[in-house]
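For the numbering used here, add 2 to where a residue sits in the sequence shown, where the first one is 1.
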Amino acid sequence: MNKEILNKVKVSFAQGEREFQNAKQNLNVYYDGKIRTIARRAVGFYVDGYVIFTNKKHYGNSFMNHLRGLENDKTIPTEINNSASALTMKMKNEELTGKEAIKHAEILISFCKEELN
């Protein structure tokens, strides 16, 4: 991977990590909907980096499209598809707690990091 691409990926991952830490630190402060949104945004930055280094342009240009790309990609583990699906669903507040959103985000973030290495 060339240096320019690697730098873009590192920037995306760093932004994602800041968002993810924000979600975890405020789990008991913010309501579940806000935690879900922050967790999705965190994953979005990581998946954006993943798209850059894997060249999966068919995932689209937005974080939500990237998540849908992961959800529908049959070349990756089912656990990743399922976590992406959980974070993309429109749901009522009680259907996916902030804690569950963070758990799914952790799975997806770990996947992106592992793919880079």
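Yeah, the Cβ is synthetic: ideal placement off N, Cα and C, and Gly gets one too.
Locate the alpha helix (DSSP H) running through residue i, then write down its first and last residues.
i   : result
Y52 : D34 to T56
G71 : F65 to N74
V31 : V31 -> no alpha helix (DSSP H), and no H or E assigned at all.
E81 : T80 to T90
Please report whether the beta-carbon of residue i lies at a distance below 7 Å from any beta-carbon of chain C.
i    : result
G100 : Of the protein chains in this structure there is only one, and it is not chain C.
Tell me whether residue i, by its Cβ, gets closer than 6 Å to a heavy atom of the ligand FAD.
i   : result
H60 : By its list of ligands, the structure shown contains no ligand whatsoever, and the ligand FAD lies outside what it can speak to.
Determine the closest residue to residue i out of the options, with distance taken between C-alpha atoms.
i   : options                 : result
V49 : N83, L98 and G100       : N83
G35 : N63, L98, K105 and E117 : L98
Report yes if the CB atom of residue i is closer than 7 Å to the CB atom of residue j, and no otherwise.
i    : j   : result
T90  : L69 : yes
S14  : F47 : yes
F65  : V11 : no
A103 : A41 : yes
G18  : A44 : yes
Alpha carbon to alpha carbon, how far is residue i from residue j?
i    : j    : result
F22  : A107 : 8 Å
E73  : V31  : 29 Å
G100 : C114 : 21 Å
K59  : G51  : 11 Å
E6   : P79  : 28 Å
L118 : Y33  : 32 Å
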